[in-house]
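Enquirer: In the numbering used here, the protein residues as written are 12 to 397.
We put the CB at the ideal spot given by N, CA and C, even for glycine.
Have a look at the structure that comes next, please.
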């Protein structure tokens, strides 16, 4: 159910509400106050702050101390992911006591929200926020306060398809029929178009010869050539997100771009090309809580295709009860017809240091969950072991 309908006196809307495109809705709408998050991404390499909550869960520390800790942690993550600019900005903001005035509480993603707001100002107003970020924060405090309150982190990283493709091909080979895609927390839906991109692996290539987006990366464990010979016939492309980003609008493009780190030009260019691919034939995006909507969506699937539910880090935002609810829904639905599942799983930097998030695949009821690879948080490397 749309969270806006849960408040007293709100007008009821259909359970499944497709996101409207350019001619119906010109701007991305912020998440209603108090709405629960059904899926967003954690920035690359950022450790979960606390198992029992977020960074601010330790009431013995002040908000200022919590926020400084969050920025220093994000600085380390940015450094490891190759963004020296954002690492330095995070360290400066960790020393700026005024930053605490624009946040209501401290979540693990608060630094990346503030960085997104600064990048948004650069994109929309031509402001350079990077040389003296504390001055820009002071000058635009009210605007930044609204931005971080209204906007979830939106990192629709297409490079993750480099790691996802072998999993999709495994299901295409095992299922022997068309794949109908359902993504949980798709943001703008760029990864729903994985088959429209080109891929380069050690043992072969895959995808359209004239693809506008070509993905390559480090292979620590090579994808077998025989798997790359598998074709994938894609039918329905559908995603469910609390706040899907409509990149057929200029505002949607600006918002999505703002959450890409400003000094990572290769990611910005890849995003630009992927948006152009999407605009030619957008997928179907539904606004809503996927935990609540998933049973109905799976009940309506086409028996002639193999529905593949997938997610890239959106379940990091779910507590254990809601995460287990998703898994139970999937297994229950598989009793009626086979169901595929691909998931970039929860991961802590402290766990198996350097190994990266596990990528798991299932084809219920025949094949239960198994980990087929480890991957970089942004899909920059892949260790495939099938």
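Leaving out the 5 sequence neighbours to the left and right, which residues in its chain are closer than 7 Å to residue 265 when beta-carbon positions are compared?
Expert: 131, 134, 135
Enquirer: Quick check on residue 35: does DSSP put it in helix, strand or coil?
Expert: With a pLDDT of only 31 at residue 35, under 50, the local geometry of the prediction cannot be trusted, and the value read off the model is given with reservation. Three-state result, residue 35: coil.
Enquirer: Span of the alpha helix (DSSP H) holding residue 406?
Expert: The first residue shown for the chain is 12 and the last is 397, placing residue 406 beyond what the model contains.
Enquirer: Sorted by chain position, which residues of the same chain lie with C-beta nearer than 6 Å to residue 233's C-beta, five sequence neighbours on each side aside?
Expert: In the same chain as residue 233, and ignoring 5 residues on each side of it, the C-beta atoms closer than 6 Å to its own belong to 213, 214, in chain order.
Enquirer: Report yes if the CB atom of residue 337 is closer than 9 Å to the CB atom of residue 302, and no otherwise.
Expert: yes
Enquirer: How many whole angstroms separate the CB atoms of residue 289 and residue 199, which I take to be in contact at a CB cut-off of 8 Å?
Expert: 7 Å
Enquirer: Roughly how many angstroms lie between the CA atoms of residue 83 and residue 144, to the nearest whole one?
Expert: Distance between the alpha carbons of residue 83 and residue 144: 15 Å.
Enquirer: Are the region 317-333 and the region 274-287 touching by the rule of at least three beta carbon pairs closer than 8 Å?
Expert: no
Enquirer: Is the Cβ-Cβ distance between residue 216 and residue 251 less than 9 Å?
Expert: Between residue 216 and residue 251, the gap from beta carbon to beta carbon reaches 9 Å or more.
Enquirer: Counting Cβ pairs, one atom from each stretch, are 3 or more of them under 8 Å apart for the region 153-169 and the region 336-351?
Expert: Verdict: no, contact absent.
Enquirer: What residues in its chain sit with their C-beta under 6 Å from that of residue 309, if we drop five residues either side in the sequence?
Expert: For residue 309, where only same-chain residues beyond five positions count, the Cβ hits under 6 Å are 344.
Enquirer: Please determine whether the Cβ atom of residue 126 lies at a distance below 8 Å from any heavy atom of the ligand SAH.
Expert: Summarising the ligand content, the structure contains no ligands, and the ligand SAH is consequently not present.
Enquirer: According to the neighbour-count rule (16 or more other Cβ atoms, all chains shown, within 10 Å of its Cβ), is residue 382 buried or exposed?
Expert: exposed
Enquirer: Thinking residue 353 and residue 372 are a contact (beta carbons under 8 Å), I'd like their distance in whole angstroms, please.
Expert: In this structure, residue 353 and residue 372 form a Cβ contact; the two beta carbons are roughly 6 Å apart against a cut-off of 8 Å.
Enquirer: Suppose the cutoff is 7 Å on Cβ atoms and the five residues either side in sequence are ignored; what does the same chain contact list for residue 205 look like?
Expert: 172, 175, 176, 179
Enquirer: Going straight from the alpha carbon of residue 396 to that of residue 226, what length do you get?
Expert: 20 Å
Enquirer: Please tell me whether residue 203 and residue 157 are closer than 9 Å, where the distance is taken between their beta carbons.
Expert: Cβ distance not < 9 Å, so residue 203 and residue 157 don't count as in contact.
Enquirer: Just the C-alpha distance for residue 399 and residue 326, rounded to the nearest angstrom, thanks.
Expert: It is not possible to answer for residue 399, since the shown part of the chain is limited to 12 through 397.
Enquirer: Give the DSSP-derived three-state secondary structure of residue 353 in the structure shown.
Expert: strand
Enquirer: Report the CB separation of residue 93 from residue 275 in whole angstroms; it is logged as a contact under 8 Å.
Expert: The Cβ separation is near 7 Å, so the contact holds.
Enquirer: Counting only runs that start and end within the region 195-230, where is the alpha helix (DSSP H) found for 4 or more residues in a row?
Expert: If you keep only unbroken alpha helix (DSSP H) runs of at least 4 residues inside the region 195-230, you get nothing at all.
Enquirer: Identify every residue that forms a DSSP beta bridge with residue 369.
Expert: 385
Enquirer: Tell me the residue span of the beta strand (DSSP E) that contains residue 394.
Expert: 392-395
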